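> What follows is a single structure, and I will ask about it in a moment.
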Amino acid sequence: MTVRFQAFHSIKAIGNREVLFNWSRTNPLGALDQVWRPTTRDELQQLLREYPERKLRLIGSGLSFEPIHSVYAEGSQALLVDLHHLRGQLDKTADTVTYLAGTPLDTVYADLIAMDRMLPASPGVIGIQTLGGALSTGTHGQGLHQSALCDAVAALTVMLASGDIIRVDRTDPRFGAFVMGMGMLGILLDVTLNTVPNRIMRCTKFTTDYPFLLEHNERLNREHAFVKSWWFAWTGESHIWLVDPASDDEVARYRAGGSEPLVLEGDMDERMNLALNATIDATLQKMARDTKDEARAGEHFETVRRFKDASDLVGNVYQILCKGIPAPQINCEVAVPLERMGEALEILQTWQEANPGVLHYPFILRCTGPSVAWLSAAHDKSVCWIGFLVYLAADGTFVGGSMEQMRELQQLLVPLGGIPHFGKHLAMDLYDFPALLPRWHDFLALKRELDPHGRFENRWLGDLFANR
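FYI, in UniProt numbering the residues of the sequence shown are 1 to 468.
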């Protein structure tokens with residue numbers, strides 16, 4: 001069987017087998033002869049019923065850092081199921097859309113804009129994620145007045161380990177488990193999402209200092225629709241985006257320009273802009289050394305370079321916020337309760353002063369409101385997600401000490417009630433998940449009921465959910 005993957009996937013030979021790796025090339029997901037792409041749900045159902053103990057994991061776009069969807073260590077009979085052929089829109093109503101779970105988010109967002117609709121949730125930054133993968137790992141955006149992508153879900157269709165198919169909606173007491181199920185409760189077939197009228201937004205960008213961030217970040221998040229902050233702790237600068245509905249005049253200008261992003265010139269503080277540009281230049285130099293790319297040809301440079309000479313912007317929410325570049329990296333994100341955000345910033349500031357010149361990227365601050373998802377760090381509470389990362393070199397290596405630093409930063413946030421993003425790198429031994437997530441044991445009980453043979457589990461997930 002010939003399996004073709006998009007360019008961001010990596011295939012390497014291990015022994016005499018061609019093996020698919022995740023996007024950061026840090027974990028093998030499965031040999032190519034383990035990859036299966038069903039063309040219909042009937043094929044899936046037949047497999048589940050004819051081979052009731054055969055292990056399988058679903059792969060979305062392969063973007064998770066940890067081997068959450070790997071079957072490489074599960075034996076040659078285990079399957080890595082790719083829903084590449086099960087994508088596209090199934091239905092739409094005045095206020096919902098239904099998509100097959102293998103549909104890329106970029107497709108969902110483009111269709112919504114064509115309908116002059118949007119989701120009642122801020123998008124994450126990466127549009128190449130599949131809908132099913134994004135939901136399963138808890139992909140989120142920013143804004144205290146919403147939570148995660150899974151909180152825009154109205155209903156889901158799921159194929160259980162038995163091959164039975166069920167429909168789960170918000171009236172089902174298990175809904176919060178299924179909307180972020182990490183692929184452990186069944187195979188997500190299709191998803192119905194709530195929609196709202198599209199709003200054209202203005203993104204106001206400014207650069208300020210650490211004292212301002214510490215004092216005002218929570219207020220800004222309460223006052224504005226979507227807020228995202230990049231904190232360059234090694235200089236004290238913070239670059240902040242405030243995203244709110246655009247004025248009538250701005251909307252008219254945007255429409256007149258063919259609904260392409262409208263750049264608003266002349267609104268930046270030139271002094272702060274020049275200072276940030278100098279910080280960006282120094283950061284690029286360090287990245288070039290650490291990633292062995294003096295020509296600065298890698299995509300990771302663009303993730304930092306785009307902060308230079310920033311201008312305000314008018315566009316739809318996807319044009320403004322869904323702008324991520326999936327460059328290989330060690331990427332962590334930990335949520336702390338919103339009321340402890342200030343403590344977290346002070347702790348990280350102290351760490352940065354003791355460890356200058358380590359990170360390749362500013363701390364990313366994204367606050368969200370409460371989520372219905374049982375396994376979400378934001379379950380029933382508002383949080384501040386704090387992201388930090390180090391980029392990898394083209395050969396997959398990273399500068400010495402990077403993993404230790406990622407662990408150390410996580411460890412600093414644990415006493416504040418920090419909970420990691422399951423789709424990114426995490427040091428699972430640091431976290432007491434049953435104490436941190438009140439529905440943890442409920443999720444485990446449901447998993448045992450629906451998948452008694454553990455066919456949707458792999459070694460990494462087994463370790464994660466082991467009794468502690």
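All C-beta atoms in this analysis are idealised placements derived from N, C-alpha and C, irrespective of residue type, glycine included. Note that the coordinates shown come from a computational prediction; the quantities given were computed from them, not determined experimentally.
1) From the DSSP secondary-structure annotation, give me the bridge partner or partners of residue 331.
2) Are the beta-carbon atoms of residue 423 and residue 137 separated by less than 7 Å?
3) Considering just the uninterrupted stretch of the beta strand (DSSP E) at residue 299, what are its terminal residues?
4) Go ahead and pull the three-state DSSP assignment for residue 150.
5) If you count every other CB in all the chains shown that lies within 10 Å of the CB of residue 68, and 16 or more means buried, which is it?
6) According to DSSP, which residues form a beta bridge with residue 205?
7) Relative to the C-alpha of residue 428, which residue among 461, 259, 197, 124 is closest?
8) Let me know if residue 2 comes out buried or exposed under the rule of 16 or more other beta-carbons within 10 Å of its beta-carbon.
9) Quick one: using the 10 Å Cβ neighbour count with 16 as the cut-off for buried, is residue 74 buried or exposed?
10) Given a cut-off of 7 Å on the beta-carbon distance, is the pair residue 143 and residue 206 in contact?
11) According to DSSP, is residue 434 helix, strand or coil?
12) Who does residue 200 pair with in a DSSP beta bridge?
13) If I measure Cβ to Cβ from residue 451 and keep anything under 6 Å in the same chain, skipping five residues before and after, which residues do I get?
14) State the DSSP-derived secondary structure class of residue 381, mapped to helix, strand or coil.
15) With which residues is residue 337 paired in a DSSP beta bridge?
16) Evaluate residue 140 with the Cβ neighbour count: other Cβ atoms within 10 Å of its Cβ, from every protein chain shown; 16 or more gives buried, anything less gives exposed.
17) Let me know the secondary structure DSSP gives residue 118 once reduced to three states.
18) Flag this pair as touching only if the segment 367-375 and the segment 304-317 have three or more C-beta atom pairs under 8 Å; answer yes or no.
19) Since I believe residue 56 is in contact with residue 31 (beta carbons under 8 Å), could you give me their beta-carbon distance rounded to a whole number of angstroms?
20) In the DSSP output, what is residue 350 paired with across the bridge?
21) Can you tell me whether residue 447 is helix, strand or coil according to DSSP?
22) Going by DSSP, what residue range makes up the alpha helix (DSSP H) through residue 405?
23) Tell me the residue span of the beta strand (DSSP E) that contains residue 479.
24) Let me check one thing: in DSSP terms, what residues is residue 21 bridge-paired to?
25) Report yes if the CB atom of residue 280 is closer than 7 Å to the CB atom of residue 301, and no otherwise.
26) What residue range does the alpha helix (DSSP H) around residue 229 cover?
27) Does the count of Cβ pairs from the segment 150-164 and the segment 178-195 closer than 8 Å reach three?
28) Given 8 Å as the limit, is there contact between the segment 18-29 and the segment 59-66, that is, 3 or more CB pairs closer than that?
29) Taking the alpha carbon of residue 379 as the reference point, which residue from 421, 242, 169, 37 has its own alpha carbon closest?
30) DSSP three-state label for residue 16, please.
31) Could you work out which residue in 316, 229, 373 is closest to residue 440 when comparing CA atoms only?
32) If you draw a straight line from the C-alpha of residue 457 to the C-alpha of residue 177, how long is it?
33) Taking the DSSP output, what are the residues bridged to residue 155?
34) Skipping 5 residues on each side, what residues in its chain have a beta carbon closer than 8 Å to that of residue 134?
35) Given a threshold of 16 other Cβ atoms within 10 Å of its Cβ, counted over all protein chains shown, does residue 209 qualify as buried or as exposed?
Quick answer:
1) 389
2) yes
3) Premise fails: residue 299 lies in the alpha helix (DSSP H), 299-305, not in any beta strand (DSSP E).
4) helix
5) Around the beta carbon of residue 68, 16 or more other beta carbons lie within 10 angstroms, which makes this residue buried.
6) 241
7) Comparing Cα-Cα distances from residue 428 to each of 461, 259, 197, 124, the minimum goes to 461.
8) At residue 2, the pLDDT of 48 sits below 50, so the modelled position is not reliable and the matter cannot be decided from this model.
9) buried
10) no
11) helix
12) Its beta-bridge partners do not exist; DSSP assigns none.
13) 161
14) coil
15) 383
16) buried
17) strand
18) The segment 367-375 makes no contact with the segment 304-317; the number of CB pairs closer than 8 Å stays below 3.
19) So it is not a contact: roughly 14 Å between Cβ atoms.
20) According to DSSP, which records beta bridges pairwise, residue 350 is partnered with nothing at all.
21) helix
22) 402-413
23) It is not possible to answer for residue 479, since the shown part of the chain is limited to 1 through 468.
24) As computed with DSSP, residue 21 is found in a beta bridge with 10, 28.
25) no
26) Careful: residue 229 lies outside any alpha helix (DSSP H), inside the beta strand (DSSP E) at 226-232.
27) Segment contact: the segment 150-164 against the segment 178-195, three or more CB-CB distances shorter than 8 Å; contact assigned.
28) yes
29) 421
30) coil
31) 373
32) 16 Å
33) 169, 192
34) Excluding positions up to five away in sequence, the list reads 60, 105, 124, 149.
35) exposed
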